[in-house]
Amino acid sequence: MIKQYYIFGMILCFLALSCTGDFLDVKPDKKLVVPETLADMQALLDYTDLMNRSIPMVDEMQADDGYLTDQVWNSMGNYPDFKNAYIWQDQIYETKLLDANWSVAYRIIFQANKVLEGLSKLPSAEDPLLYKRLKGQALFFRAWQHWRQALMFAPQFDKDKSATDMGVPMKLQTDINAKTIRISVEENYKKILADLLEAAELVDDHDAVKTRPAKAAIHTLIARMYLTMRQWKDAVKYADLALSSPHYSLVDFGEVTNGSYPFKRFGSEVLFHAIANTSYIFSSSRFKTDPELFRSYTVNDYRRQLFFNRSGDEANYKGSYDGSLYPFVGIKLSECFLIKAECEVRMNQVEQGLNTLSKLLESRIEGYRPPEGMSQSEALSYVLSERRKELLLNGIRWYDLKRLNMEKETEKILSKTVLGKVYVLEPNSLKYIFPIPPSIIQMTGIPQNPR
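Heads up: the sequence shown runs through residues -21 to -1, 1 to 430, numbered per mature numbering (1 follows the signal peptide of the UniProt record, and there is no 0).
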């Protein structure tokens, strides 16, 4: 136990040293964290304040699911970078407030690489099952955060362009002196998928600790990637693998007791638990749900009551699977149904796709009856609408907009009004690619994203 406290203390020292940047620009003392045993390595991966509870959420601020009132806007004088991101300004960074949007991912990646390198120096015979599990967990964390970086700081995957589009730096070792370069989006996706596919073979079918990834969570993340890549069959394959797990089940929302935060942490739908690192912007008193989106929840939709508090004409989101005001940005079972349904409809298996969606909505809507006689385009619109409603503030909407803008039928012009001025974001705007913090550009010399 004493040694475990020592390890955690060393981790905190590392975080303190790197709080103004990441290991791409601040050189942490590698001697601070020295895992020597499998238990030490599990402790590194179980440091949830970093690995699961520090995920940036500025992407959702830019999307269309909610808005800030003028009163809230005027109160945000100390948050200029957030305000700039909210209205898609050319220049985002006035302070270092949003540097964490870049740096947190690489801190998590550094931690994962520390474990992978530590494992390579230990004999697997000590506890072969734990050894495999730890390697799989570390590969997952590394892949998950590299992919979040690619989504945020690189163009949308496009099979015709991704071989030449600039991706993000990938750190596969802890060597802080290794040169930082931006590889292609295609290379990003290949390496990330390789990590995830290997991880899925190593982790357990189920882990009682939901801040650790098990097979179903990894299969869902792979399905999410294939959905983004428009590889429908592969996305269905991995969504089905996740859905086949006997360890998770949908919650009947009709049996959930309403309250301030109705959903308990680590519920039966949670495949992997993670939350955003901010409650300031996304507290129900500040971030209001888009009125049109709220109206799309019918009166017999349990989510209308469980996801929202009403205050006059305003609807405030409260449906986090963390049982708190912190937005849930992990992986949950309902996403598997939505991925599968969308891909089936896109492959013109309309009836099958709507049946898949029905399995989810029967637990969400009282007396649900699936629609009949829908065309493929109508069914796709319906599935995408339900996807937006189900995954509200789960850290997915901004990237859905980004991928859906690739098709005329699903592209969307965004607009926001602040202090009487209207701001507009066109589909496929370069502003869907977030700028890299200037401090990182200055330190590494990597190219900046055009705006």
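Virtual Cβ for every residue (Gly too), placed ideally from N, Cα, C.
All values derive from a computational prediction rather than experimental measurement.
Contact set for residue i: own chain, Cβ-Cβ below 6 Å, skip 5 residues either direction
i, result
"Thr207", "Phe136 and Arg382"
"Ala253", "Asn31, Ile34, Val308 and Gly309"
"His185", "Ala193 and His226"
"Lys319", "Val215, Ala218 and Thr335"
"Leu393", "Asp43 and Leu404"
"Thr268", "Gly45, Ala294 and Tyr296"
"Ser337", "Pro349"
"Leu220", "His198"
"Ile171", "Ala122, His125 and Trp126"
"Gln128", "Ala84 and Val147"
"Arg283", "Tyr276"
"Ala(-6)", "A caution first: Ala(-6) carries a pLDDT of 35, below 50, which makes its placement in the model too unreliable to give a value."
"Lys75", "none"
Integer-rounded CB distance, given that residue j should sit under 8 Å from residue i
i, j, result
"Ile87", "Leu29", "6 Å"
"Glu73", "Asp60", "6 Å"
"Val51", "Arg376", "About 20 Å separates the two Cβ atoms, so there is no contact after all."
"Ile344", "Asn256", "The pair is not a contact, with the Cβ atoms about 33 Å apart (cut-off 8 Å)."
"Phe251", "Ala196", "4 Å"
Which of helix, strand or coil DSSP assigns to residue i
i, result
"Met55", "coil"
"Tyr323", "Here residue 323 turns out to be Glu, not Tyr, going by the sequence shown. In this structure, Glu323 counts as helix in the three-state DSSP scheme."
"Val308", "coil"
"Val5", "Caution applies to Val5, whose pLDDT of 42 falls short of 50 and renders its modelled position unreliable; the model cannot decide the point."
"Leu17", "helix"
"Phe245", "coil"
"Glu314", "helix"
"Arg430", "coil"
"Lys100", "coil"
"Phe61", "helix"
"Tyr276", "coil"
"Ile254", "strand"
"Tyr402", "strand"
"Ser418", "helix"
"residue 432", "No answer is possible for residue 432: it lies beyond the span of the chain, which begins at -21 and ends at 430."
"Asn88", "In the sequence under discussion, the amino acid at residue 88 is Ile, which differs from the Asn named in the question. Looking at Ile88 - three-state DSSP - the assignment turns out to be helix."
"Phe413", "coil"
"Ser364", "helix"
"Ala129", "helix"
"Gly(-1)", "Caution is warranted here: a pLDDT of 38 is assigned to Gly(-1), below 50, making its placement in the model unreliable, and no coordinate value can be reported."
"Met145", "strand"
"Gly45", "strand"
Own chain, CB closer than 8 Å to residue i, minus 5 neighbours either side, in chain order
i, result
"Glu390", "Leu383, Asn384, Pro406 and Asn407"
"Leu118", "Ala91, Leu95, Asp174, Leu175, Glu177, Ala178 and Leu181"
"Met36", "Ala255, Asn256, Thr257, Ile260, Phe261, Pro306, Val308 and Gly374"
"Gln328", "none"
Alpha-carbon spacing of residue i relative to residue j, whole angstroms
i, j, result
"Met353", "Arg367", "19 Å"
"Ala42", "Ile71", "16 Å"
"Thr143", "Val235", "49 Å"
"Leu340", "Gly346", "10 Å"
"Lys194", "Lys140", "31 Å"
"Ala133", "Pro148", "10 Å"
"Ser163", "Trp211", "22 Å"
"Tyr46", "Glu365", "20 Å"
"Ala358", "Glu388", "13 Å"
"Ser82", "Asn63", "19 Å"
"His125", "Ala84", "7 Å"
"Leu130", "Tyr378", "7 Å"
"Leu304", "Tyr240", "8 Å"
"Leu222", "Phe316", "8 Å"
"Gly424", "Glu351", "56 Å"
"Met422", "Gly56", "28 Å"
"Asp154", "Pro14", "16 Å"
"Gln68", "Tyr58", "14 Å"
"Ile412", "Pro107", "42 Å"
"Ala187", "Tyr300", "17 Å"
"Leu77", "Tyr65", "12 Å"
"Met(-12)", "Ser99", "Residue confidence is low: Met(-12) scores 41 on pLDDT, short of 50, so the model does not pin down where it sits. Its coordinate-derived value is still stated next. Whole-angstrom Cα-Cα distance: 21 Å."
"Lys400", "Asp49", "11 Å"
"Glu330", "Asn156", "55 Å"
7 Å Cβ shell around residue i - same chain, five flanking residues per side excluded
i, result
"Glu105", "Leu17"
"Asn288", "Ser263, Asn295 and Lys297"
"Phe273", "Phe287 and Ala294"
"Gln427", "Pro414, Ile415 and Ile420"
"Arg121", "Ile88, Ala91, Asn92 and Asp174"
"Pro429", "Leu409"
"Arg161", "Met145, Gly146, Val147, Pro148, Ile425 and Pro426"
"Leu200", "Trp123, Leu175 and Ile310"
"Gln21", "Leu113"
"Pro417", "Tyr72"
Residue-level contact to chain C via CB, residue i, 8 Å cutoff
i, result
"Gln421", "Judged by its chain identifiers, the structure shown contains no chain C, having just a single protein chain."
Query - the stretch 305 to 325 touching the stretch 214 to 234, judged by at least three CB pairs closer than 8 Å - result: yes
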